[in-house]
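Numbered per the numbering used here, the sequence shown finishes at 595, counting up by one with no gaps. All C-beta atoms in this analysis are idealised placements derived from N, C-alpha and C, irrespective of residue type, glycine included.
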Amino acid sequence: MANIKTAISIEKPLFEQVDALAHELKIPRSRLFVIAAREFIKRHKNQKLLDAINDAYDDLPSSEEETTLQQMRFRHFELVKNQW
């Protein structure tokens with residue numbers, strides 16, 4: 512995959528932390544930024560997936576609907592219990 516150079520502006524304390532961590536990990540700063548960007552994108556995608564799952568389950572029956580369903584199940588059971 513082709514690499515693209517870019518310039519970014521960050522606060523000096525953050526730069527110093529990035530520089531120290533890159534030195535500690537013995538990797539170039541640019542590699543650390545790539546790792547950080549990939550992790551951020553992965554977390555963002557996971558959050559979007561979680562939001563979509565939560566939206567899908569947001570239409571669960573209310574307590575009133577659940578009570579009605581339980582009554583319907585009981586009534587259905589009463590209707591069919593002696594048929595088998």
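DSSP, read as helix, strand or coil, puts threonine 578 in helix.
A straight line joining the alpha-carbon of asparagine 514 with that of alanine 547 spans about 16 Å. Secondary structure of glutamate 550 (DSSP, three-state): helix.
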